[in-house]
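For the sequence shown, the working numbering begins at 7 and goes up steadily by one.
Step one of this worksheet: look at the structure below.
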Amino acid sequence: MNKEIIVAPEEGGLRVDVYLSEQLPDMSRSAVQRGIAAQEITFADGRAIKKNHVVAPGDHFLCAVPEPQEAEAIPQDIPLDVVYEDDDLIVVNKPRGMVVHPAVGHPDGTLVNALLHHCRDSLSGIGGELRPGIVHRLDKDTSGLLIAAKNDAAHQSLSDQLRDRSMSRVYEAIAIGRIGQDEGTIDQPIGRHPHDRKRMSTGAKVARDATTHYQVIARYNGYTHVRCELETGRTHQIRVHLASLGHAVLGDLVYGRKRPDKGISGQCLHARSLAFTHPTTAERIELTSELPGYFTEVLSKLGTGEFV
């Protein structure tokens with residue numbers, strides 16, 4: 007089916023593939039790029055679009071949008087970095103760039119596909135056919151620790167810990183700008199953005215409570231290495247909350263700068279540690295993940311920091 011999109015006065019300045027992927031929720035940025043290359047996405051008058059075109063107010067696009075297809079979760083032999091595993095659960099270190107579960111635009115190659123192969127039939131069914139075992143999610147470009155349940159009892163226990171906030175999740179991020187306070191709490195409800203369903207906002211009319219505690223690790227020239235602990239777990243919570251302070255996560259093209267910075271396209275955000283009560287043994291499990299290469303490379307580019 008064809009869809010016409012006209013750039014509003016306040017929406018100019020984005021690269022065309024970034025802009026159109028935000029306007030077309032069923033198409034990823036790479037799918038938009040392929041559509042432009044194949045001239046399935048053009049200006050409304052039929053002219054081809056240059057791949058590096060920056061949209062301007064009034065630009066009028068005609069997009070051939072593929073009909074949505076049902077995704078299916080199938081086992082795939084994809085390597086996993088397993089941090090902890092037993093009969094009840096598995097904790098993996100998700101790489102940056104991996105989608106957690108199949109969806110439109112990402113039918114396979116996801117963490118769920120890898121878990122189905124690794125765990126065979128041992129994943130809880132509470133999450134449904136496309137999200138077996140998934141207790142909580144990480145954004146595609148967020149790396150780090152993620153827990154999945156192997157049976158329904160474990161899934162329910164872990165979900166309860168998320169709900170009563172007894173599960174601890176600590177992240178590290180590189181934020182744009184120098185955060186002045188050494189530590190603080192961001193307590194702002196988050197809901198769906200009123201004009202862009204792919205974004206979240208602290209200004210939404212319908213919102214849920216959201217609390218993030220942060221602590222500065224080090225300050226650099228124009229950037230801050232910060233630790234964030236989630237009290238709640240809303241979609242994009244750390245990204246939205248830091249952006250609300252005027253300190254968006256480095257590389258976050260949705261809530262921050264619209265062009266890659268320091269070689270990073272996709273937020274510099276890592277799920278560093280995870281602590282929970284084991285569903286069967288009641289033992290407190292505390293796990294930590296080393297900062298990945300992409301993160302440490304950015305830190306090295308920032309030079310000498312002022313550590314708090």
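Here a beta-carbon is modelled for each residue, glycine too, at the ideal position from N, C-alpha and C.
Being a predicted model, the structure only gives us computed values, none of them experimental.
Next item on the list: To the nearest angstrom, report how far apart Pro-15 and Ala-62 are at their CA atoms.
Entry: Against the sequence shown, residue 15 aligns to sequence position 9. Against the sequence shown, residue 62 aligns to sequence position 56. Rounded to the nearest angstrom, the two C-alpha atoms are 8 Å apart.
Check: How is the alpha helix (DSSP H) around His-124 delimited, first residue to last?
Finding: Taking the sequence shown and counting its residues from 1, the one referred to as residue 124 is at position 118. Run containing His-124: 117-125, per the alpha helix (DSSP H) assignment.
Next item on the list: Tell me whether Val-212 is buried or exposed, calling it buried when 16 or more other Cβ atoms sit within 10 Å of its Cβ.
Entry: As a first step, residue 212 must be located in the sequence shown, where it is residue number 206. Exposed, since its Cβ has fewer than 16 Cβ neighbours within 10 Å.
Notebook entry, point to check: What number of angstroms, rounded off, separates the C-alpha of Val-314 from the C-alpha of Ala-43?
Noted result: Your numbering for residue 314 matches position 308 in the sequence shown. Your numbering for residue 43 matches position 37 in the sequence shown. Distance between the alpha carbons of Val-314 and Ala-43: 48 Å.
Next item on the list: List the endpoints of the continuous beta strand (DSSP E) containing Leu-280.
Entry: Residue 280 sits at position 274 when you count from the first residue of the sequence shown. Here the beta strand (DSSP E) through Leu-280 covers 275-283.
Check: Does DSSP classify Asp-158 as helix, strand or coil?
Finding: The residue given as residue 158 occupies position 152 in the sequence shown. In this structure, Asp-158 counts as helix in the three-state DSSP scheme.
Next item on the list: Following the continuous beta strand (DSSP E) through Val-232, name the residue where it begins and the one where it ends.
Entry: As a working mapping, residue 232 is identified with position 226 in the sequence shown. 229-236 is the span of the beta strand (DSSP E), which, as asked, contains Val-232.
Check: So which of His-247, Ala-155, Asp-158, Thr-148 has the shortest CA-CA distance to Thr-191?
Finding: Counting from one through the sequence shown, the residue named residue 191 turns up at place 185. The candidate whose alpha carbon is nearest that of Thr-191 is His-247.
Notebook entry, point to check: Among Phe-301, Gly-299, Thr-294, which one has its Cα closest to the Cα of Tyr-90?
Noted result: Locating residue 90 in the sequence shown gives position 84, where the first residue counts as 1. Among Phe-301, Gly-299, Thr-294, the Cα nearest to that of Tyr-90 belongs to Thr-294.
Next item on the list: My understanding is that Phe-67 touches Ile-11, with C-beta atoms under 8 Å, so please give their C-beta distance in whole angstroms.
Entry: On the sequence shown, position 61 is the one that residue 67 refers to. On the sequence shown, position 5 is the one that residue 11 refers to. Confirmed, Cβ separation roughly 5 Å.
Next item on the list: Could I get the ranges of all uninterrupted beta strand (DSSP E) runs contained in the stretch 149-206, with 3 residues as the minimum, in chain order?
Entry: 174-182, 189-193
Note to self: Three or more C-beta pairs under 8 Å: does that hold for the stretch 219-230 against the stretch 161-175?
What the structure shows: no
Check: What are the residues that DSSP puts in a beta bridge with Phe-99?
Finding: In the sequence shown, counting from the first residue as 1, residue 99 sits at position 93. The identity of residue 99 in the sequence shown is Asn, whereas the question assumes Phe. Looking at the DSSP assignment, Asn-99 forms a beta bridge with Leu-151.
Note to self: What residue range does the alpha helix (DSSP H) around Ile-244 cover?
What the structure shows: Working through the sequence shown from its first residue, we reach residue 244 at position 238. Bounds of the alpha helix (DSSP H) holding Ile-244 are 243-250.
Notebook entry, point to check: So, using beta-carbon positions, are Ala-154 and Leu-236 closer together than 8 Å?
Noted result: On the sequence shown, position 148 is the one that residue 154 refers to. On the sequence shown, position 230 is the one that residue 236 refers to. No, the Cβ-Cβ distance between Ala-154 and Leu-236 is not below 8 Å.
Next item on the list: Between the Cα of Lys-268 and those of Ile-291, Gly-252, Val-304, spot the shortest distance and give me the residue it belongs to.
Entry: Numbered from 1 along the sequence shown, position 262 holds the residue referred to as residue 268. Nearest C-alpha to Lys-268: Val-304.
Note to self: Could you compute how far the alpha carbon of Asp-127 sits from the alpha carbon of Ala-109?
What the structure shows: Residue mapping note: residue 127 aligns to position 121 of the sequence shown, counting from 1. Residue mapping note: residue 109 aligns to position 103 of the sequence shown, counting from 1. Whole-angstrom Cα-Cα distance: 21 Å.
Note to self: Just to check my reading of the structure: Arg-240 and Arg-214 have Cβ atoms closer than 8 Å, yes? What is that Cβ distance to the nearest angstrom?
What the structure shows: Within the sequence shown, the letter at position 234 stands for residue 240. Within the sequence shown, the letter at position 208 stands for residue 214. The C-beta distance from Arg-240 to Arg-214 rounds to 6 Å, short enough to meet the 8 Å contact threshold.
Next item on the list: Could you check if Phe-282 is buried or exposed, using at least 16 other CB atoms within 10 Å of its CB as the buried criterion?
Entry: For this step, residue 282 is matched to residue 276 along the sequence shown. Buried.
Notebook entry, point to check: Going by the CB atoms, is the gap between Val-38 and Asp-23 shorter than 8 Å?
Noted result: Translated into the one-based positions of the sequence shown, residue 23 becomes position 17. Translated into the one-based positions of the sequence shown, residue 38 becomes position 32. In contact: Asp-23 and Val-38 (Cβ atoms closer than 8 Å).
Next item on the list: Please report how far the alpha carbon of Tyr-142 lies from the alpha carbon of Arg-53, in whole angstroms.
Entry: Residue 142 sits at position 136 when you count from the first residue of the sequence shown. Residue 53 sits at position 47 when you count from the first residue of the sequence shown. Looking at the sequence shown, residue 142 is not Tyr but His. Cα to Cα, His-142 sits roughly 44 Å from Arg-53.
Next item on the list: Identify which residue in Arg-233, Arg-205, Leu-259, Leu-152 has its Cα closest to the Cα of Asp-87.
Entry: In the sequence shown, residue 87 corresponds to position 81, counting from 1. With distances taken between Cα atoms, Asp-87 lies closest to Leu-152.
Item checked: Closest Cα partner of Val-106 within the set Phe-301, Leu-129, Leu-136 -> Taking the first residue of the sequence shown as position 1, residue 106 is located at position 100. Among Phe-301, Leu-129, Leu-136, the Cα nearest to that of Val-106 is on Leu-136.
Notebook entry, point to check: Touch check for the stretch 241-261 and the stretch 179-196: three-plus C-beta pairs under 8 Å?
Noted result: yes
Checklist line | 6 Å Cβ shell around Glu-292 - same chain, five flanking residues per side excluded | finding: What you label residue 292 is simply residue 286 of the sequence shown in a count that begins at 1. Taken in chain order, the residues that qualify are Ala-281.
Notebook entry, point to check: Which residue comes first and which comes last in the alpha helix (DSSP H) that contains Tyr-300?
Noted result: Locating residue 300 in the sequence shown gives position 294, where the first residue counts as 1. Here the alpha helix (DSSP H) through Tyr-300 covers 299-308.
Notebook entry, point to check: Whose CA, out of Cys-125, His-112, Glu-17, Ile-132, lies closest to the CA of Asp-158?
Noted result: Sequence index remark: in the sequence shown, residue 158 carries index 152 (1-based). Checking every option, the nearest Cα to that of Asp-158 belongs to Ile-132.
Next item on the list: Go to Val-141, then tell me how far its beta strand (DSSP E) extends in each direction, as first and last residue.
Entry: Numbered from 1 along the sequence shown, position 135 holds the residue referred to as residue 141. Here Val-141 belongs to no beta strand (DSSP E), and DSSP marks it neither H nor E.
Margin query: I'd like to know whether the C-beta atoms of Leu-259 and Cys-274 end up nearer to each other than 8 Å.
Written below: If you number the sequence shown from 1, residue 259 lands on position 253. If you number the sequence shown from 1, residue 274 lands on position 268. No, Cβ-Cβ distance for Leu-259 and Cys-274 is not below 8 Å.
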